[in-house]
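Colleague: Here you go, one structure.
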Amino acid sequence: MSVPAELLALREQIDALDQQLFSVLAERFKVTAQVGQLKKQYQLPAQDVTRETQQLEKTAARAAQAGLDPEFAQRLQRLILDEVVLQHQRC
């Protein structure tokens, strides 16, 4: 059975969106690496719980405005924040 052309087209769109997501995420990690270097330079802790809490609150609000599940968005943001903290600890 062949795959309908409509399905193939949608899959191509998904692949393109995934590429954009990963490109943006890579750019974000480049910026957070700079943050990590500054934290090291100024002897600041790798993790800023207050900032993370604020970010998670913003994430929930932005997700809701975009029609996404805020809890899902916060889980995704938490995963990103945890990776950033790990990178900062490695500096």
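Each residue of the sequence shown is one higher than the one before, counting from 986 in the numbering used here. Ideal Cβ positions, reconstructed from N, Cα and C, are used throughout, including at glycine.
(1) In the DSSP assignment, the alpha helix (DSSP H) including Ser-1008 goes from what residue to what residue?
(2) List the endpoints of the continuous alpha helix (DSSP H) containing Pro-1055.
(3) Between the segment 1035 to 1052 and the segment 1002 to 1012, do three or more beta carbon pairs fall short of 8 Å?
(4) Roughly how many angstroms lie between the CA atoms of Ala-1045 and Gln-1005, to the nearest whole one?
(5) What are the boundary residues of the alpha helix (DSSP H) that Ala-1049 is part of?
(6) Given this structure, state the Cα-to-Cα distance separating Gln-1026 from Ser-987, to the nearest angstrom.
Modeller: Result, derived from the coordinates:
(1) Residues 990 to 1026.
(2) 1055 to 1075
(3) no
(4) 21 Å
(5) 1034 to 1051
(6) The alpha-carbon atoms of Gln-1026 and Ser-987 are separated by roughly 58 Å.
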